[in-house]
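Novice:
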Amino acid sequence: MKQRQVLQGNTIVAKAAIAAGCDFFAGYPITPSSEIAQFMSMEMPRLGYDFIQMEDEISSLGACIGASLAGKKAMTATSGPGFSLMQEHLGLAVMAEIPIVIVNVMRGGPSTGMPTKPSQSDIMQTRWGTHGDHPIIVVYPAFASQLFSETIRAFNLSEKFWNPVIILLDEVIAKAREDIALPRKKDLNIYWEKTKQIEDLNIYDREIGQNPPRVDFFKKYPIHIDSLEHDKHGWPTTDPKIVDKMQTLRMQKIYNYLDEIITHEEYYLDDAEIMVFSFGISARSSLAAVEMAREQGIKVGLFQALTIWPFPKLLLREKFKKIKKILVVEMNMGQTIYEIERTATDDVERQALLRANGVPFTPTEVLEAIKRFKK
Amino acid sequence: MRDYERYIRYRTFPTPWCPGCGDGIILKAIAMAFSELKIQPQDIVVVAGIGCSGRLPTFFNTNTLHTTHGRALTFATGIKLAKPDKTVVVISGDGDALAIGGNHLIHAARRNIGIKMILINNGIYGMTGGQVSPLTPQKFITETTPYGNIEPKFDTVNLLKASKASFVARETVNRPIPLKQVIKKSFQHKGFSVVEVISNCHINLGRKNNMKDPIAMSRWIADKTVTQAQFEKIPVQEQNTKYPVGIFVEDKERLEYTELYYKHIVPTTQAETIKANSTAKRQKK
């Protein structure tokens, strides 16, 4: 029997992380994500796992990367300002191909902004937040059950693709206590990559499109991990041919597996004339609005992006063959709308419902926007 | 092949350092300390940040990690907590450890986590072409202090003492045998240890200050090196120009961080959980 509980969003994520095999947590207090660290500080020692509160967010991600290289499944949790501090190390994790999970519970910004109010303004920060070209996976759950399943998926993806994965959360969802039925352990699908024993330094030696193997420290053959651009041995290089190959390797390991990575939920889209595109708390309001609109006979549906990066371009292009009106609902001054502009064909009408004042959209507000758009 | 050479990764040679650089002496001293303590290469990880010192790990035939500027200690903290029985060595420069990474240094010392740190002090940002560092002596000319450095340098030993470090020592590249001995001793220490090594950068520091060859720089270091007993007798206002050597702090009593975590916190919480569970069961019955 499934166990029903009332849990806070942050706690659901922490519980899911442990269920996914997370055995290392390093973090730094920041509203509204601190409950994740608090829960981990209670649970991790009980399980014989590691918890440490570091001196800042930079060191938190550093410690996680170190632990990941030592064979642990590591996670850290933060909010927008802390995520900004983590960006240099995020780049290192991409460059050295280290699996890591980062939770970013978004709050009002920029700067200290509104720590206790929600916003969806880190969409672009999670995509482009580090120097250099890099692939990134960002999952964005909205409902209580998705908080659990997407956290599991984040760990699986990071483990499989040897890349950092970010879980985006909204302040209201992270702080709210909701009814959830936690799945049983045997029903979970956890991806464990077995550590590959290597006989040489050639840890990055693979063909384009291939998934990298998991290589850890303290195995039979000592390895070298470098933050510099490196060759197949991990040894620093600036040889243009090798750099070309390594750049492509890192990009293609994600972009060759988009089908596996990108997930979404759709509601009432089959016969819809208007598509609402949304995520997180805005998707929850949008869903209620779509249902209200349906009662009034408006043919509208919802596309909820669960994987926000890589952007679900192909899926949306498929929808645009039939649906010619798209309404983007997001709690910021316009971020995802630009990605929609790049995705939509010329014949698709686009509108955005934007707001970043710390108050989530109500279903009625979204409904009114739908009605305005219909005219 | 001598035994310490097992710890050197010759295939990655040549090194990127200028001829006459002190980093080679430190490389050998560390390898010899590994060899004398008979630690297996696969049980060691050498972590470094950015700079000339940052390129040292690549030449060790152990697990090695080249990280970001100033943050080597944070990665090392994660590794040490994950694998407390392994030898975690951090190599850092003066800019790396005391400017951008100063915060991590004092916190690692405060935590007393069992990381062995080698802090190479050449008094300059060498890799970037010779800019002033927090350990550049006063009045010295650098690329960013063309009229002489007006900032006083950090007193590394007292900074670490105040941060509750349990092992602090200083040596110079002029004295390779004592250097190896003190590194070996720091590797045997359980808690957080720092060995500050005074090194020469005749290219980027010496050249602008009338010491353009390694010999002149070595003479300058020798002139500044004093024993702790000699140091006590120097007038206080002149002390900041000298480098006393030897071991300043060695606290064997203080518990190491991972030891505290795994031998105290983890068993206590687990015992409490078992107790709570059995009480809950009894109440059910």
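Going line by line, the protein sequences match chains A and B. Under the numbering used here, the residue at position 371 of the first sequence is numbered 431, and the numbers go up by one with no gaps. Under the numbering used here, the residue at position 107 of the second sequence is numbered 108, and the numbers go up by one with no gaps. Every residue, glycine too, gets a C-beta built ideally from N, C-alpha and C. These figures come from a predicted structure and were not determined experimentally.
1) Inspect the CB distances between the stretch 414 to 429 of chain A and the stretch 339 to 358 of chain A and report whether three or more fall short of 8 Å.
2) Please go through the same chain and pick out, in chain order, the residues whose beta-carbon is closer than 6 Å to the beta-carbon of residue 32 of chain B, but skip the five residues on each side of it.
3) List, in order along the chain, the chain B residues whose C-beta lies closer than 9 Å to that of residue 191 of chain A?
4) List the endpoints of the continuous beta strand (DSSP E) containing residue 335 of chain A.
5) Have a look at A/239, A/343, A/430 and A/80 and flag the residue whose alpha-carbon is nearest the alpha-carbon of residue 360 of chain A.
6) Please classify residue 72 of chain A: does DSSP put it in a helix, a strand, or coil?
7) What's the C-alpha gap between residue 413 of chain A and residue 186 of chain A?
8) How do the stretch 150 to 159 of chain A and the stretch 314 to 321 of chain A stand: do at least 3 beta-carbon pairs fall below 8 Å, yes or no?
9) Could you pull the start and end residues of the beta strand (DSSP E) that residue 215 of chain B belongs to?
10) Taking residue 128 of chain A and residue 69 of chain B to be in contact with their CB atoms under 8 Å, please state how far apart those CB atoms are, rounded to whole angstroms.
11) Are three or more beta carbon pairs between the stretch 219 to 235 of chain B and the stretch 117 to 129 of chain B nearer than 8 Å?
12) State the start and end residues of the unbroken alpha helix (DSSP H) segment that holds residue 99 of chain A.
13) Could you spell out where the beta strand (DSSP E) holding residue 382 of chain A opens and where it closes?
14) Taking contact to mean at least 3 C-beta pairs separated by less than 8 Å, is the stretch 233 to 241 of chain B in contact with the stretch 38 to 57 of chain B?
15) How would you write the range of the beta strand (DSSP E) that residue 244 of chain B sits in, first residue to last?
16) At 9 Å on the CB atoms, spell out the chain B contacts of residue 122 of chain A, in chain order.
17) Taking only beta-carbon atoms, is residue 150 of chain B less than 9 Å away from chain A?
18) Once you ignore the five residues that flank residue 72 of chain B on each side, which residues in its own chain have a CB closer than 7 Å to its CB?
19) Distance cutoff 9 Å, beta carbons only. Does residue 195 of chain B sit that close to anything in chain A?
20) Report the three-state DSSP secondary structure of residue 274 of chain A (helix, strand or coil).
21) For the stretch 273 to 284 of chain A, list every residue whose C-beta sits within 8 Å of some C-beta in chain B, in sequence order.
22) Looking only at DSSP bridge pairs, what is residue 64 of chain A linked to?
23) Starting from the C-beta of residue 195 of chain A, find all residues in its chain whose C-beta is less than 8 Å away, skip the five residues before and the five after it, and write them out in chain order.
24) Jot down the residue ranges of each uninterrupted alpha helix (DSSP H) in the stretch 104 to 143 of chain A, minimum 4 residues, whole runs only, in chain order.
25) Just to confirm, are residue 240 of chain A and residue 204 of chain A a CB contact at a threshold of 9 Å?
26) Distance cutoff 9 Å, beta carbons only. Does residue 310 of chain A sit that close to anything in chain C?
27) Taking Cβ positions, are residue 233 of chain A and residue 261 of chain A nearer each other than 9 Å?
Specialist: Taking the definition as stated:
1) Inter-segment contact for the stretch 414 to 429 of chain A and the stretch 339 to 358 of chain A is present: three or more beta-carbon pairs are separated by less than 8 Å.
2) Stepping through the second sequence from its first residue, residue 32 of chain B is reached at position 31. Annotation for residue 32 of chain B: 5, 8 and 9 place their beta carbon closer than 6 Å to its own, counting only its chain and skipping 5 residues before and after.
3) Numbered from its first residue, the first sequence carries residue 191 of chain A at position 131. By Cβ distance, chain B contributes nothing, its closest Cβ being about 11 Å from residue 191 of chain A, past 9 Å.
4) Within the first sequence, numbered from 1, the residue matching residue 335 of chain A stands at position 275. Residues 334 to 338.
5) As a position in the first sequence, residue 360 of chain A is number 300, starting the count at 1. Nearest option by C-alpha distance: A/430.
6) Your numbering for residue 72 of chain A matches position 12 in the first sequence. If DSSP states are grouped into helix, strand and coil, residue 72 of chain A belongs with the helices.
7) Here the question's residue 413 of chain A lines up with position 353 in the first sequence. Here the question's residue 186 of chain A lines up with position 126 in the first sequence. Near 21 Å, if we compare the C-alpha coordinates of residue 186 of chain A and residue 413 of chain A.
8) These segments do not touch.
9) One-based indexing of the second sequence puts residue 215 of chain B at position 214. Boundaries for residue 215 of chain B: no beta strand (DSSP E) harbours it, while the alpha helix (DSSP H) harbouring it runs 215 to 225, taken from the DSSP string.
10) The residue given as residue 128 of chain A occupies position 68 in the first sequence. The residue given as residue 69 of chain B occupies position 68 in the second sequence. The C-beta distance from residue 128 of chain A to residue 69 of chain B rounds to 15 Å, too long to fall under 8 Å, and the pair is not in contact.
11) These segments do not touch.
12) The residue you call residue 99 of chain A lines up with position 39 of the first sequence. DSSP places residue 99 of chain A inside the alpha helix (DSSP H), whose first and last residues are 94 to 107.
13) As a working note, residue 382 of chain A is residue 322 in the first sequence. Per DSSP, residue 382 of chain A lies in no beta strand (DSSP E) and is assigned neither H nor E.
14) A contact is defined here as three or more CB-CB pairs under 8 Å, and the stretch 233 to 241 of chain B fails this definition with respect to the stretch 38 to 57 of chain B.
15) Along the second sequence, read from residue 1 onward, the residue named residue 244 of chain B stands at position 243. Per DSSP, residue 244 of chain B belongs to the beta strand (DSSP E) from 244 to 251.
16) Along the first sequence, read from residue 1 onward, the residue named residue 122 of chain A stands at position 62. By Cβ distance, chain B contributes 68, 69, 72, 73, 74, 75, 76, 77, 78, 79 and 105.
17) For this step, residue 150 of chain B is matched to residue 149 along the second sequence. Answer no: the Cβ-Cβ gap between residue 150 of chain B and chain A never drops below 9 Å.
18) What you label residue 72 of chain B is simply residue 71 of the second sequence in a count that begins at 1. Apart from the 5 residues on each side of it in sequence, residue 72 of chain B sits with its Cβ closer than 7 Å to the Cβ of 50, 102 and 105 in its chain, given in chain order.
19) Against the second sequence, residue 195 of chain B aligns to sequence position 194. No, residue 195 of chain B lies away from the interface with chain A (no Cβ there is under 9 Å from its Cβ).
20) For the purposes of this step, residue 274 of chain A is taken as residue 214 along the first sequence, with counting starting at 1. Correct three-state label for residue 274 of chain A: strand.
21) Cβ contacts with chain B come from 277, 278, 279, 280, 281, 282, 283 and 284.
22) In the first sequence, residue 64 of chain A corresponds to position 4, counting from 1. Bridge partners of residue 64 of chain A: A/241.
23) The residue you call residue 195 of chain A lines up with position 135 of the first sequence. Closer than 8 Å at the Cβ level, and outside the excluded window around residue 195 of chain A, lie 154, 223, 310, 311, 313, 314, 315 and 370.
24) When DSSP assignments are scanned along the stretch 104 to 143 of chain A, the uninterrupted stretches of alpha helix (DSSP H) that are 4 or more residues long and fall wholly within it turn out to be 117 to 129.
25) Translated into the one-based positions of the first sequence, residue 240 of chain A becomes position 180. Translated into the one-based positions of the first sequence, residue 204 of chain A becomes position 144. Yes, these two residues count as a Cβ contact at 9 Å.
26) Checking the listed chains, one finds no chain C in this structure; the protein chains it contains are A and B.
27) Taking the first sequence and counting its residues from 1, one reaches residue 233 of chain A at position 173. Taking the first sequence and counting its residues from 1, one reaches residue 261 of chain A at position 201. No, the pair does not count as a contact, with Cβ atoms beyond the cut-off.
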